[in-house]
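Here UniProt numbering is used: the first residue of the sequence shown is 1, the next is one more, and so on. Ideal placement from N, C-alpha and C gives every residue a C-beta, glycine not left out. Since the structure is predicted, the reported quantities are computational estimates derived from the model, not experimental observations. Here the structure is laid out as structure tokens; the discussion comes afterwards.
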Amino acid sequence: MTYSYRPNKSTISVIFIILSTLLNYIKAADSFPWPGRGKPVSSTFTPINPTSPAELTVIDVLSSDEQYSDLLRIIQRLKLVPAINKLGDITLYAPTNDAIREAQHAMTDNINDEARETIFYHMLNYTITSQSDQILHQTLLHPDSEHVKPKKPHSPWFPEPGDGKPLSGAGQQVRIGRANSTDICYGLPDLPVGEKYHGNCHENGAATVLSKEPKHARNGVVYPIDKVISPPGDLATQIRNHPSLSTLLELIPAQAISALEQRAANGFTLFLPTNEAFKTLDKTVYSYLHNQIYASSDLLDLMSGHIAVGKGVGWSTTWDTQKEYDTNLKTKLQVNDKNTVKLDSHTSAQINTFDILASNGVIHLIDSFVTPPQLLLLDSEKILIGLNATRFVDLFRSAKLSNKYLKNDQDNMTLLVFHNDVFEGTNDIKEVDALATASDDQNEMAMTLKYHIIPGNIRKDDVKTGELIETELRTRLLGDKGQRVVVSKTKTPSDKSSKTNKSEKHTGWSFNHASVLSDEHKVGNKTIYFISSVLEPPRDVMSVAVSDLRLSTFVASVYAAGMDEYLKHIPATTLVIPTNDAFEELGYAMKYFLKSQAKAELKQLINYHIIDDIVYTKSLSNGTYKTLSDVPLDVNVHNKGNTTEMALGSPRNVAGYPLNGEERKAIISEGDILTSSGVIHVIDQVERSPMVDITLRKLFKGSNANTMLDLFQKAGYQWLLDGKAPPMEDDSNPYEKHNSSTGHPVKPYTVLTPTDAAFTHINLTHYLDDRAALEALVRMHILPAPPDYLDEDYSYALEEDHTTDNGQPLYISDDMAYPSLLSYTEGGPSRYGDVAFKKSQNGWTVGIRGARGVNGPEDFASVLGFGRASPHFYNSTSDFEINRNNDLDNDDPHAMSIGGGIVVLDSVLIPYEPSWIYRWGWIVFTAITGTGVLGAGGYASYVTYQRRKEIRAGYQSLEGEED
């Protein structure tokens with residue numbers, strides 16, 4: 001039985017469709033040459049009828065030569081045989097078996113993409129001869145933008161090529177040339193302009209063409225080579241591996257380099273500055289660029305300015321038709337015939353290495369930068385970063401001061417900058433960071449930073465030591481005036497030769513003891529100096545005073561008055577603060593001020609030392625300055641040799657007397673100690689406020705002389721304690737009948753004031769019961785001023801020969817004597833009412849003048865201290881006429897009492913009265929002595945007479961002689 005197959009209509013239709021589809025594929029192969037996806041190339045597929053007569057193809061050539069067996073096997077595995085056979089006029093640089101085996105790892109991958117690219121990288125789409133002078137050639141490799149996952153394979157007759165995007169549709173380039181006079185090399189690396197290859201092909205990383213004459217085939221030629229040449233890596237890989245780009249690789253942020261990988265960048269032409277180009281930069285700019293944390297933005301711009309995009313990849317072979325490129329920085333670069341790339345007429349660079357090939361572009365190396373000059377023209381902030389002051393910049397950014405002071409270089413300013421190493425080994429960074437707040441521009445950190453900024457440009461030669469320079473730190477406490485910084489200049493010998501040449505000096509200088517470490521750096525209109533430490537703004541007045549041991553008494557006084565917080569917050573003031581020694585001169589007056597009942601007076605005293613304005617010594621001039629008290633301070637400035645002496649004190653009244661009675665003005669011993677609210681000047685004397693009246697009673701309280709105070713009151717001398725006029729003379733008082741000066745209204749009194757302990761050694765009951773004895777005791781301790789305490793113009797105390805010192809209420813010298821109110825010269829009954837001072841090893845002693853030691857220790861006492869009372873002013877036409885019998889010249893309507901005071905003693909001076917022996921003993925002795933002398937004389941005369949009489953009675957008369 002015979003079966004016959006008769007196709008039905010549907011089967012015939014399917015066959016017809018298949019044939020039609022195949023015919024369309026054939027037509028497509030003719031109309032769309034490969035590779036390049038529609039892009040015209042010099043070699044195209046030429047359909048060959050497999051049934052035509054046999055002709056040698058490139059594949060046949062490979063098959064006929066055993067040294068290509070490994071290559072042929074790879075081509076077969078990659079299913080490239082039909083495609084290669086259809087290519088015409090190709091040049092295949094065929095690696096031998098040894099070359100394949102040596103580079104087997106480069107020819108295998110899971111999806112064969114890399115192997116396929118490697119094969120095509122060894123094929124040119126035209127034939128060349130060994131005599132060709134052209135070096136750069138285009139291969140059939142059209143890189144794919146991304147190696148995709150495995151997919152259904154294409155027909156071996158029509159393999160799917162790469163998309164060509166990485167090189168803008170063009171084939172990858174390869175260098176073919178001679179490394180020496182004999183060998184032809186395939187895949188030579190880039191070479192700087194003017195240099196030659198040395199050594200053989202392998203030493204230059206290329207393959208050696210083993211035969212100068214190729215094997216010819218119908219569709220091309222084949223050259224054997226001894227090495228597999230891998231296609232170039234992408235731009236990022238080339239940058240990472242090229243030795244001339246190590247500096248750029250080090251500086252440019254890693255993400256910018258990664259952005260040049262093949263999957264992210266296509267068709268780029270890079271004109272990149274070499275290591276040498278970076279070395280031509282200013283050291284500060286170079287250092288700044290090395291700090292990626294701060295310079296990242298500028299580095300990205302710098303890189304963008306050298307990444308160009310044209311109509312295609314800008315190999316040097318294309319520059320005949322393509323010369324202009326747009327960069328990612330929105331600038332335009334132009335290549336001219338002199339191998340120069342330029343930005344504009346002022347900015348250009350020489351190309352010193354051409355055509356560093358990459359899978360997604362090309363790199364040319366240039367010797368300088370072709371970015372806008374302002375990109376590398378750094379502002380102050382960037383300069384500081386380059387000078388290792390990043391901590392300084394960080395703090396300014398945190399305080400939101402950077403834009404105003406570091407990025408704007410138009411204003412004339414001087415920056416005092418500290419290096420990062422200032423903070424090494426300390427916790428200052430954390431402490432300063434903790435001060436920063438987001439909204440308060442006047443926080444402590446911002447204040448500290450502004451203290452490092454000086455308006456105007458400061459030069460070392462233009463300033464003097466001790467000069468105060470205003471800064472940008474302005475606060476309410478300064479009355480919105482700039483805080484000052486102190487400049488100091490020192491001269492030290494520069495070397496040993498200075499011993500012979502004294503004029504050879506090296507001058508150093510500092511700001512607030514922070515030494516200037518460098519010469520000036522000019523940035524725009526700014527001047528920058530580096531200093532050795534952070535400048536801390538002056539602290540509040542109390543903190544400054546507390547840190548100065550010389551001012552501890554003033555500090556204690558402020559706390560006693562409860563004015564510490566007040567002084568911290570009162571704005572724009574100048575404090576003239578006396579030293580501890582100056583307060584010591586106040587003696588018991590100061591001890592009174594520190595008592596609770598004297599708090600108001602102590603405040604008045606302190607306020608008198610506060611000028612209601614900021615006055616630096618340079619601004620001090622002759623005149624008066626308002627204080628926080630109701631009385632101003634008078635200032636006198638005068639030259640004294642090579643120095644200027646500045647003195648201040650109470651103003652004088654119309655009669656020329658100082659209102660506070662001070663003998664002299666206080667001298668400023670040290671000035672311009674800066675505080676957060678102004679300045680402090682140290683003075684050598686406490687200036688008493690004329691508004692504070694220090695009486696003897698207050699001095700008694702200051703010395704705790706309560707017993708003496710009680711005795712004064714009981715004796716009726718409270719008027720003297722309160723500085724009032726004495727009562728009218730009492731005829732019943734025998735001590736006042738002959739007293740022409742007691743109660744003198746302008747005469748000061750100094751009271752010798754025994755301590756309470758001193759009175760424990762005497763019988764107080766006796767004096768309390770005997771008023772006359774009590775008054776005598778009290779008067780013995782009251783010393784009025786000498787009769788000549790006033791002259792026509794000035795008080796006794798102001799005369800040069802009678803000035804007091806150390807706060808003493810009266811002038812004291814060795815053997816100096818003063819009468820007391822008990823003295824006969826002052827209307828008292830005693831000729832032993834004077835007291836005399838004597839200098840001893842331990843200080844002063846005072847005793848009753850002329851006392852003969854009857855009372856022993858009660859005749860003298862040691863001086864424990866002094867206290868001076870306030871002066872008093874009187875009008876001669878009123879009070880004086882009543883109480884002083886017109887003693888003052890009426891032409892002087894005003895007179896001043898210097899105030900007197902107290903001299904504290906350790907013993908009570910008992911009024912001295914000599915015993916009857918000292919009174920009459922000498923008379924009795926003289927009488928007895930005279931009587932004895934007369935009696936003895938008479939007796940001697942009588943004895944003589946009797947002897948002469950006896951002699952005469954014993955004589956006999958001779959004859960003839962008369963009796």
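Count the C-beta pairs between the segment 931-948 and the segment 606-623 that are closer than 8 Å, then say yes if the count reaches three, no if not. no
Quick one: what's got a C-beta closer than 6 Å to residue 475's C-beta in the same chain, skipping five residues either side? The sequence position of residue 475 within the sequence shown is 475, counting from 1. Correct list: empty, nothing qualifies.
Alpha-carbon to alpha-carbon, residue 471 and residue 483: As a working note, residue 483 is residue 483 in the sequence shown. As a working note, residue 471 is residue 471 in the sequence shown. Spanning the two alpha carbons is a distance of roughly 6 Å.
For residue 581, three-class secondary structure by DSSP: For the purposes of this step, residue 581 is taken as the residue at position 581 of the sequence shown. In the structure shown, residue 581 sits in a helix (DSSP, three-state: H, G or I).
What number of angstroms, rounded off, separates the C-alpha of residue 683 from the C-alpha of residue 292? Position 683 of the sequence shown holds residue 683. Position 292 of the sequence shown holds residue 292. C-alpha separation (whole angstroms): 55 Å.
Relative to the C-alpha of residue 610, which candidate in 595, 563 and 166 has its C-alpha closest? Position 610 of the sequence shown, counted from the start, is the residue given in the question as residue 610. Closest by alpha carbon: 563.
Applying the 10 Å Cβ sphere with the 16-neighbour rule, what's the burial state of residue 526? Position 526 of the sequence shown holds residue 526. Under this definition residue 526 is a buried residue.
Between which two residues does the beta strand (DSSP E) containing residue 472 stretch? Position 472 of the sequence shown, counting from 1, holds the residue named residue 472. Per DSSP, residue 472 belongs to the beta strand (DSSP E) from 468-474.
If we count the other Cβ atoms within 10 Å of its Cβ and call it buried at 16 or more, is residue 120 buried or exposed? For the purposes of this step, residue 120 is taken as residue 120 along the sequence shown, with counting starting at 1. Looking at its Cβ environment, which holds 16 or more other Cβ atoms inside 10 Å, residue 120 is buried.
Helix, strand or coil for residue 392 per DSSP? Within the sequence shown, the letter at position 392 stands for residue 392. If DSSP states are grouped into helix, strand and coil, residue 392 belongs with the helices.
Beta strand (DSSP E) segments (min. 3 residues) lying fully within the segment 192-220: 215-217
By Cβ distance below 6 Å, which residues in the same chain neighbour residue 214 in space, the five residues on each side in sequence not counted? Numbered from its first residue, the sequence shown carries residue 214 at position 214. 221, 222 and 223.
According to the Cβ coordinates, are residue 780 and residue 911 closer than 8 Å? Here residue 780 refers to the residue found at position 780 of the sequence shown. Here residue 911 refers to the residue found at position 911 of the sequence shown. Yes.
Which whole-angstrom value describes the C-beta separation of residue 870 and residue 688, a residue pair presumed to lie in contact below a C-beta threshold of 8 Å? The residue labelled residue 870 in the question sits at position 870 within the sequence shown. The residue labelled residue 688 in the question sits at position 688 within the sequence shown. Between residue 688 and residue 870 the Cβ distance is about 7 Å, and since that is below 8 Å, they are a contact.
At the level of alpha carbons, what is the spacing between residue 489 and residue 508? Mapped onto the sequence shown, residue 489 falls at position 489. Mapped onto the sequence shown, residue 508 falls at position 508. Roughly 6 Å separates the two Cα atoms.
Three-state secondary structure (DSSP) of residue 606: Locating residue 606 in the sequence shown gives position 606, where the first residue counts as 1. Residue 606: helix per DSSP, three-state reduction.
With DSSP run on the structure shown, which of helix, strand or coil describes residue 691? The residue given as residue 691 occupies position 691 in the sequence shown. Coil, per DSSP.
Thinking residue 207 and residue 187 are a contact (beta carbons under 8 Å), I'd like their distance in whole angstroms, please. In the sequence shown, counting from the first residue as 1, residue 207 sits at position 207. In the sequence shown, counting from the first residue as 1, residue 187 sits at position 187. Indeed they touch by this definition, with Cβ atoms about 6 Å apart.
Nearest residue (CA-CA) to residue 838, options 136, 817 and 768: Along the sequence shown, read from residue 1 onward, the residue named residue 838 stands at position 838. Here the closest residue by C-alpha is 817.
Can you name, in chain order, every residue of its own chain whose Cβ lies under 6 Å from the Cβ of residue 376, other than the five neighbours on each side? Your numbering for residue 376 matches position 376 in the sequence shown. These residues qualify, in order along the chain: 285.
Please report the residue range of the beta strand (DSSP E) in which residue 269 lies. Taking the sequence shown and counting its residues from 1, one reaches residue 269 at position 269. 268-273 is the extent of the beta strand (DSSP E) around residue 269.
Let me know the secondary structure DSSP gives residue 456 once reduced to three states. Position 456 of the sequence shown, counted from the start, is the residue given in the question as residue 456. Three-state DSSP puts residue 456 in coil, outside helix and strand.
Would you call residue 1047 buried or exposed, if buried means 16 or more other Cβ atoms sit within 10 Å of its Cβ? With the chain represented from 1 up to 963, any question about residue 1047 goes unanswered, as that position is not in the structure.
Under 7 Å Cβ to Cβ from residue 204, same chain only, skipping five residues before and after it: list those, please. Counted from its first residue, the sequence shown places residue 204 at position 204. Once the five neighbours on either side are set aside, the close Cβ partners of residue 204 are 179, 185, 188, 189 and 197.
Return the chain-ordered list of same chain residues with a C-beta closer than 7 Å to the C-beta of residue 570, the five sequence neighbours on each side being excluded. Within the sequence shown, the letter at position 570 stands for residue 570. Once the five neighbours on either side are set aside, the close Cβ partners of residue 570 are 677.
Backbone CA spacing between residue 724 and residue 606 [nearest angstrom]: Your numbering for residue 724 matches position 724 in the sequence shown. Your numbering for residue 606 matches position 606 in the sequence shown. The straight-line gap from Cα to Cα measures roughly 26 Å.
Report the rounded CA-to-CA distance for residue 201 versus residue 317, giving the unit in angstroms. Within the sequence shown, the letter at position 201 stands for residue 201. Within the sequence shown, the letter at position 317 stands for residue 317. Their backbone Cα atoms lie some 23 Å apart in a straight line.
For the segment 258-266 against the segment 352-366, are there 3 or more C-beta pairs whose distance is under 8 Å? yes
Determine which residues share a DSSP beta bridge with residue 835 and list them. Here residue 835 refers to the residue found at position 835 of the sequence shown. For residue 835, which the question treats as bridged, DSSP gives the partners 818 and 848.
Residue nearest to residue 390 in terms of C-alpha spacing, selected from 350, 289 and 552: Reading the sequence shown from its first residue, position 390 is the one you call residue 390. Nearest option by C-alpha distance: 289.
Does DSSP classify residue 766 as helix, strand or coil? Against the sequence shown, residue 766 aligns to sequence position 766. Three-state DSSP puts residue 766 in a helix.
Using the three-state DSSP reduction, which class does residue 415 fall into: helix, strand or coil? Residue 415 sits at position 415 when you count from the first residue of the sequence shown. Residue 415: strand per DSSP, three-state reduction.
Cross-strand partners of residue 515 (DSSP beta bridge): For the purposes of this step, residue 515 is taken as the residue at position 515 of the sequence shown. Paired residue(s): 510.
How far does the alpha helix (DSSP H) with residue 713 in it reach, from first residue to last? To locate residue 713, count along the sequence shown from 1; it is residue 713. Counting along the chain, the alpha helix (DSSP H) containing residue 713 begins and ends at 706-715.
Cβ contact (3+ pairs, closer than 8 Å) linking the segment 583-596 and the segment 687-701: yes
Using the Cα positions of residue 631 and residue 551, report the straight-line distance between them to the nearest angstrom. Counted from its first residue, the sequence shown places residue 631 at position 631. Counted from its first residue, the sequence shown places residue 551 at position 551. So the alpha carbons of these two residues sit roughly 23 Å apart.
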